[in-house]
Structure formats: structure tokens, C-alpha cells
Amino acid sequence: MKPMFGRGPSLQLRLFFALLLSVSLMLADSRLDAFAGVRYFLNTLVAPLQYASNVPRDTLDELVMQFRSHQRLVAENRALRKQVLQLESDQLLLAQTERENQRLRELLGSSFIRDERKMVAEVMAVDSDPYKHQVMLDKGRTNGVYEGQPVINEHGVVGQIAYVGAHNSRVLLLTDPTHAIPVQVMRNDIRVIASGRGSTHYVGLDNIPSSTDIKVGDKLVTSGLGGVFPEGYPVGTVTEFSFDNKRPFAQVRATTAVKFDRLRYLLLVWPTPEKGENARPDQPVAQPSSDTAPSPDTAPSSDGEGEAP
1 MKPMFGRGPS
11 LQLRLFFALL
21 LSVSLMLADS
31 RLDAFAGVRY
41 FLNTLVAPLQ
51 YASNVPRDTL
61 DELVMQFRSH
71 QRLVAENRAL
81 RKQVLQLESD
91 QLLLAQTERE
101 NQRLRELLGS
111 SFIRDERKMV
121 AEVMAVDSDP
131 YKHQVMLDKG
141 RTNGVYEGQP
151 VINEHGVVGQ
161 IAYVGAHNSR
171 VLLLTDPTHA
181 IPVQVMRNDI
191 RVIASGRGST
201 HYVGLDNIPS
211 STDIKVGDKL
221 VTSGLGGVFP
231 EGYPVGTVTE
241 FSFDNKRPFA
251 QVRATTAVKF
261 DRLRYLLLVW
271 PTPEKGENAR
281 PDQPVAQPSS
291 DTAPSPDTAP
301 SSDGEGEAP
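Note that the sequence shown covers residues 1 to 309 in full-length UniProt numbering.
And the structure:
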């Protein structure tokens with residue numbers, strides 16, 4: 001009786017024939033290129049599947065790259081914003097420095113400033129009392145500053161030193177009610193006394209008869225009398241000349257050459273002996289009179305600063 005299932009070739013024999021067939025096909029393909037069409041067909045058939053399988057990986061790579069690029073751009077933008085802020089602040093400081101340099105050039109390049117010894121001083125503080133027109137400077141006795149010393153800027157007369165500390169000094173401004181100065185009219189050399197009226201814009205001329213040859217528009221300069229201010233420094237311009245028969249003297253006002261609400265840098269002046277023989281470091285501030293440069297005596301207060309009585 002025959003068995004239901006006959007035994008076929010052995011496993012080793014089938015493996016041998018499979019290997020032999022594979023080698024034969026490989027040799028035939030390499031030598032004769034017999035399966036080129038088959039490969040092309042299979043590649044065409046598989047290509048969409050390969051593309052579809054690569055889409056998730058490519059998409060993920062693109063997202064990662066965009067995320068990293070976004071982070072880099074955010075970091076660069078933040079750094080650039082900081083740089084712009086720094087540059088803008090530097091620009092502000094540069095503009096301020098340019099303005100200060102311009103002020104100093106104007107201060108030192110004024111046409112009326114002559115060959116007297118001078119020193120630039122900066123305004124440190126302004127007296128808050130509306131009835132006292134005084135400012136504090138950053139130069140004092142250690143810099144050779146003395147009481148009664150004239151102070152000017154690029155426009156004209158500012159005032160004179162009323163108190164000197166070791167490292168600072170106080171200026172009694174031209175417009176202070178207790179300050180007076182001998183001046184002369186440039187047009188005809190008439191000498192008068194100009195005194196402060198408590199305004200930052202003008203001074204008054206004292207004891208002017210109505211017949212005096214003074215006109216609106218006349219320029220006033222220092223007369224040099226009294227030995228405090230050298231002759232020729234601008235003081236102001238006459239802007240009002242009025243009188244009536246009920247008053248013995250005319251009312252005369254002069255707008256100051258200096259803008260006292262804009263003081264920043266000033267010049268301390270050491271008059272030459274020919275023009276200021278009495279302007280010595282030990283000379284007190286001159287008292288008001290008809291032929292001297294008036295200014296009140298001063299004394300240091302409890303906080304080390306002088307005040308004009």
C-alpha cells in the first residue's frame with residue numbers, strides 16, 4: 001500500500017537548486033541585462049510607496065529645522081533690540097556731548113573776550129529763593145577764585161563772586177536786587193549805574209535825569225571803573241526810557257545780554273593789572289556807590305555757603 005503523501009526532494013537539495021538558480025539569474029542579469037525591464041517596472045511600482053514612507057520623516061525634519069530657525073531668529077532679534085537700545089542711548093549721550101562742546105566753543109570763541117586769564121566753571125546749583133539771584137560753581141579757593149571776581153559767559157557779564165569755598169563758589173548775578181555795576185553807553189560813553197531788579201531778563205539804570213542822552217537800542221558795556229570788571233564787556237541793551245514831570249529821574253530798563261535762565265558754563269576772569277589793579281584775591285566784594293562796582297558783603301552760612309544780605 002502506497003503512502004498518502006509521497007516524500008519529495010530533501011531540504012538540502014532544494015536549497016542547492018535555489019542557490020544555483022539565483023546565481024544563474026544574477027549572472028544572466030549582469031552579463032545580458034535581461035531583467036532591466038523588470039527592475040524598471042518594479043522601481044516604478046515601488047517609488048510612490050518610498051516617497052509616501054519618506055513624507056513623515058521629511059516633514060518632521062522640516063518642522064525641527066523651522067523651529068530651530070525660529071529660535072535662532074528670536075535670539076538674534078532680542079540681541080539686535082538690545083544693540084539698538086544701547087546705540088540709541090549712546091546717540092543721546094553723543095547729542096548731549098555735542099551740545100556741551102558747542103556751548104564751550106561759543107564760550108571760548110566770543111569776539112569780546114580778550115587776553116585776561118580765564119577759567120571755565122560749570123554751574124552746580126541755582127538758588128531756589130526767588131528773591132536771590134545766585135548760582136553755585138564747581139571752582140573754589142583751590143582754583144584761585146576770590147571774592148569780587150568777575151564772571152562772564154559768551155554773551156556778556158553774568159555777575160561776580162560773592163562767596164568762595166575750598167572747592168566751590170557762589171556767584172551774585174547781575175540781576176540780583178542787591179547787585180549794581182558801573183556801565184557806559186557805547187554810543188556816547190555816558191557812565192551810569194546798572195542794578196538788578198529781581199528779574200532774570202532786565203536791569204535798571206539808576207538816577208538818570210530825563211535830559212540824559214540815552215535812547216532805546218543803546219548798547220551798555222562795563223565801564224571799567226572800580227577795578228572789578230574790565231572795560232568793554234557787554235551788559236545789555238536799553239529797551240525802555242520813560243519819564244514824567246512828577247518824578248525827578250527817568251525810568252530806564254535794559255534787557256541783559258546774558259540769558260540768566262540758561263546758565264551752564266561760565267568764565268571766571270582774572271583782570272590784568274592794567275585793567276583791574278584792585279581785583280586781588282584778598283579784595284572783598286565792593287560796596288555800592290556812585291563810582292564803584294557794587295556788590296554785597298557775604299559770609300558763609302552754616303552749611304558752608306555764603307548768602308548776600
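Idealized CB from N, CA, C, for every residue including glycine.
These numbers were taken from a predicted model, which means no experiment stands behind them.
Could you tell me the distance, in whole angstroms, from the CA atom of residue i to the CA atom of residue j?
i, j, result
"ASP138", "HIS167", "6 Å"
"ALA79", "ARG68", "17 Å"
"LYS259", "GLN71", "56 Å"
"LEU265", "HIS155", "According to the sequence provided, residue 265 is Tyr. The question's Leu does not apply to it. Roughly 11 Å separates the two Cα atoms."
"PHE229", "LEU85", "49 Å"
"VAL120", "GLU106", "12 Å"
"ALA125", "ALA75", "45 Å"
"ASP61", "VAL55", "10 Å"
"ALA162", "ALA250", "30 Å"
"PRO177", "GLY204", "10 Å"
"GLN66", "TYR51", "21 Å"
"PRO130", "ARG81", "46 Å"
"LYS219", "SER210", "18 Å"
"GLU98", "THR237", "30 Å"
"LEU87", "GLU122", "28 Å"
"VAL64", "ALA18", "47 Å"
"ALA36", "LEU25", "12 Å"
"LEU45", "GLN12", "35 Å"
"SER10", "LEU27", "26 Å"
"VAL145", "ILE152", "14 Å"
"residue 319", "PHE241", "Here the chain comprises residues numbered 1 to 309, so residue 319 is not present and cannot be evaluated."
"LEU268", "ASP244", "41 Å"
"TYR40", "GLN83", "59 Å"
Going by DSSP, which residues form a beta bridge with residue i?
i, result
"THR200", "DSSP, once it has assigned bridges, lists no residue as partnering THR200."
"MET136", "ALA125, ARG170"
"GLY159", "VAL151, LEU173"
"ILE193", "PRO182, ASP206"
"VAL164", "SER169"
Got a sec, what are the start and stop residues for the beta strand (DSSP E) residue i sits in?
i, result
"SER169", "169-173"
"GLU240", "234-242"
"ALA250", "250-256"
"PRO209", "Careful: PRO209 lies outside any beta strand (DSSP E) and carries neither H nor E."
"LEU225", "Element bounds for LEU225: n/a, residue is neither H nor E."
"VAL145", "First-last for VAL145: undefined, no H or E at that position."
"PRO177", "From DSSP, PRO177 is part of no beta strand (DSSP E); its letter is neither H nor E."
Let me know the secondary structure DSSP gives residue i once reduced to three states.
i, result
"ASN77", "helix"
"TYR131", "coil"
"ARG187", "coil"
"LYS118", "strand"
"LEU87", "helix"
"PHE16", "helix"
"SER269", "The question names Ser, but residue 269 is Val in the sequence shown. VAL269: strand per DSSP, three-state reduction."
"VAL38", "helix"
"LEU11", "helix"
"VAL64", "helix"
"PRO230", "coil"
"ARG103", "helix"
"LEU263", "coil"
"LEU45", "helix"
"ARG72", "helix"
"VAL54", "In the sequence as displayed, the identity of residue 54 is Asn instead of Val. Of the three classes helix, strand and coil, the one that applies to ASN54 here is helix, per DSSP."
"VAL23", "helix"
"LYS215", "coil"
"LYS82", "helix"
Considering only residues of the same chain and omitting the five flanking positions on each side of residue i, which have a CB-CB separation below 6 Å?
i, result
"GLN283", "Note that GLN283 scores a pLDDT of 40, beneath 50, so its modelled location is shaky; the value from the coordinates is reported in the next line. Only GLY148 meet the Cβ criterion."
"ASP127", "GLN134"
"THR200", "THR175, PHE260, ASP261"
"GLY198", "PRO177"
"THR272", "GLU116"
Between residue i and the rest of its own chain, which residues show a CB-CB distance below 8 Å, the 5 nearest in sequence each way excluded?
i, result
"LEU104", "VAL120, TYR265"
"SER30", "none"
"THR142", "ALA166, HIS167"
Between which residues of its own chain and residue i is the CB-CB distance below 7 Å, once the five residues before and five after are set aside?
i, result
"ILE208", "VAL192, ILE214, PHE249, ALA250, VAL252"
"residue 310", "No answer is possible for residue 310: it lies beyond the span of the chain, which begins at 1 and ends at 309."
"GLY217", "THR237, VAL238"
"GLN223", "Reading the sequence as shown, one finds Ser at residue 223 and not Gln. PRO182, VAL183, GLN184, ARG191, GLU231, listed in sequence order."
"ASN188", "ASP213"
If we define contact as Cβ-Cβ less than 9 Å, is residue i a contact residue for chain B?
i, result
"LEU27", "You won't find chain B in this structure, because it holds only one protein chain."
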